[in-house]
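For what it's worth, the UniProt record's numbering labels the leading residue of the sequence shown as 1, then goes sequentially. What follows is a set of notes on a single structure, which appears directly below.
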Amino acid sequence: MFFYKGKGLGFDRSGRGFYRSGRGDGTVRKVTGKLLNRTLLEKQFPIALLPLGTANNVATTLGLKNDTDALIDSWQTAEKKNFDIGIVKGLTDPAFFLEGYGYGLFPYLMQEMKSAEEQEGETPDEKIKRALRVLHGLVQSYEAKNCNLQIDGEDYSDKFLLVEVMNTCSLGPNLHLAPNADPGDGYLNVAVITENQRADFSQYLLDRIHGHSVPFSYQTYKAQKVSIQWEGKLAHADDQLIKVRKSTPVEIEIRAGVLEFMVP
Numbered sequence: 001m002f003f004y005k006g007k008g009l010g011f012d013r014s015g016r017g018f019y020r021s022g023r024g025d026g027t028v029r030k031v032t033g034k035l036l037n038r039t040l041l042e043k044q045f046p047i048a049l050l051p052l053g054t055a056n057n058v059a060t061t062l063g064l065k066n067d068t069d070a071l072i073d074s075w076q077t078a079e080k081k082n083f084d085i086g087i088v089k090g091l092t093d094p095a096f097f098l099e100g101y102g103y104g105l106f107p108y109l110m111q112e113m114k115s116a117e118e119q120e121g122e123t124p125d126e127k128i129k130r131a132l133r134v135l136h137g138l139v140q141s142y143e144a145k146n147c148n149l150q151i152d153g154e155d156y157s158d159k160f161l162l163v164e165v166m167n168t169c170s171l172g173p174n175l176h177l178a179p180n181a182d183p184g185d186g187y188l189n190v191a192v193i194t195e196n197q198r199a200d201f202s203q204y205l206l207d208r209i210h211g212h213s214v215p216f217s218y219q220t221y222k223a224q225k226v227s228i229q230w231e232g233k234l235a236h237a238d239d240q241l242i243k244v245r246k247s248t249p250v251e252i253e254i255r256a257g258v259l260e261f262m263v264p
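And the structure:
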């Protein structure tokens with residue numbers, strides 16, 4: 001058994017065990033890292049998630065609402081939902097992801113947000129809006145990069161503002177890059193934004209900043225295996241920044257049903 005603040009092992013009325021995980025996506029990633037290190041002989045428990053973070057992309061994908069009391073009550077009768085994990089090979093250290101792995105705008109957004117001072121008393125919605133403003137600024141100046149992109153053996157190479165291999169529907173400040181993603185279907189979703197979409201993406205971000213819910217047409221592809229060779233030197237796996245050698249080739253594949261989450 002292991003514990004973090006806000007988490008631990010619980011049991012329902014039938015004696016079925018589950019891991020409780022509070023806070024947000026970063027905490028879920030920490031719990032997942034522990035679970036991935038378990039041995040085959042250790043008992044597998046599903047994760048009961050409370051969406052108490054900022055973006056809560058994992059919880060949103062699972063359809064979990066912010067009603068904490070209702071979620072806790074539902075744990076006694078909840079169903080178990082399989083949850084796949086993405087594995088990245090070719091880096092100095094192997095990486096995994098629950099939400100997404102990618103290049104381009106998002107690693108730079110993460111870098112900018114980490115270096116910025118936290119705003120005292122800032123609500124989750126205010127933090128998301130601040131991240132959208134920073135991202136909008138980056139879109140104006142970021143130079144699109146060449147990328148050799150192979151999806152299940154098909155060539156999709158181009159110049160991109162971002163390439164994201166997604167497991168969840170949304171990433172970062174609640175951007176729904178892969179709105180139809182199902183993290184338990186055995187497939188990844190590759191979302192891309194090309195240089196030609198810069199102006200449209202910029203306008204979409206402005207609309208979001210001003211509170212307008214206008215959809216943006218991301219190009220997405222279903223995949224089980226993805227190969228990427230990106231011109232730049234910065235990547236991310238979920239909320240973890242990764243520095244890579246320029247044009248390092250990586251292979252990304254899905255591991256189906258590694259985790260289970262409890263859903264109402």
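Note that CB positions come from ideal geometry on N, CA and C, so glycine has one too.
Secondary structure of residue i, DSSP reduced to three states
i	result
His-176	coil
Pro-239	Sequence inspection shows Asp at residue 239; the Pro mentioned does not correspond to that position. Coil.
Asp-67	coil
Tyr-108	helix
Thr-220	strand
Ala-48	strand
Asp-155	strand
Arg-130	helix
Leu-162	strand
Gly-137	helix
Gly-102	strand
Distance, residue j Cα to residue i Cα
i	j	result
Lys-30	Lys-159	33 Å
Val-125	Lys-65	A small correction: the amino acid at residue 125 is Asp; Val does not occupy that position in the sequence shown. So the alpha carbons of these two residues sit roughly 15 Å apart.
Val-58	Asp-182	11 Å
Phe-97	Leu-234	16 Å
Leu-259	Lys-81	8 Å
Tyr-218	Ala-191	6 Å
residue 339	Ser-115	This structure cannot settle anything about residue 339, because the visible part of the chain is limited to 1 through 264.
Gln-119	Leu-52	18 Å
Met-262	Asn-56	15 Å
Phe-201	Asn-148	22 Å
Ile-228	Asp-73	43 Å
His-236	Gly-102	6 Å
Which listed residue (the options) has its alpha carbon closest to that of residue i
i	options	result
Asn-167	Gln-76, Leu-49, Leu-52, Arg-255	Arg-255
Gly-184	Ala-223, Asp-73, Gly-90, Asp-84	Asp-84
Pro-215	Ala-223, Lys-222, Leu-206	Leu-206
Asp-69	Leu-50, Thr-77, Ile-87	Leu-50
Gly-137	Phe-106, Asp-152, Ser-157	Phe-106
Ile-45	Trp-75, Tyr-103, Ala-55	Correcting the residue type first, residue 45 is Phe in the shown sequence and not Ile. Of the listed residues, the one whose Cα sits closest to Phe-45 is Trp-75.
Pro-249	Thr-194, Gln-150, Ala-237	Gln-150
Met-110	Lys-127, Pro-94, Met-262	Lys-127
Asp-93	Leu-241, Val-263, Phe-261	Leu-241
Gly-90	Asp-238, Ala-178, Leu-171, Val-226	Val-226
Leu-162	Thr-123, Arg-133, Trp-230, Glu-154	Trp-230
Glu-99	Ser-170, Glu-79, Val-134	Ser-170
Beta-bridge pairing of residue i - partner residues as DSSP gives them
i	result
Glu-122	Note: Glu-122 sits in no beta bridge, so no partner.
residue 296	Given that the chain is displayed from residue 1 to residue 264, the structure contains no residue 296 and the question cannot be resolved.
Arg-198	Its beta-bridge partners do not exist; DSSP assigns none.
Asn-148	Gln-229
Lys-89	Glu-251
Leu-62	Answer by DSSP bridge pairing: none, since Leu-62 is not bridged.
Local Cβ density within 10 Å of residue i, reported as buried at 16 or more and exposed below that
i	result
Pro-173	buried
His-176	buried
Thr-39	In this prediction, Thr-39 scores a pLDDT of 46, lower than 50, which makes its location untrustworthy; the coordinate-derived value is nonetheless stated afterwards. Exposed is the call here.
Gln-224	exposed
Ile-193	buried
Thr-77	exposed
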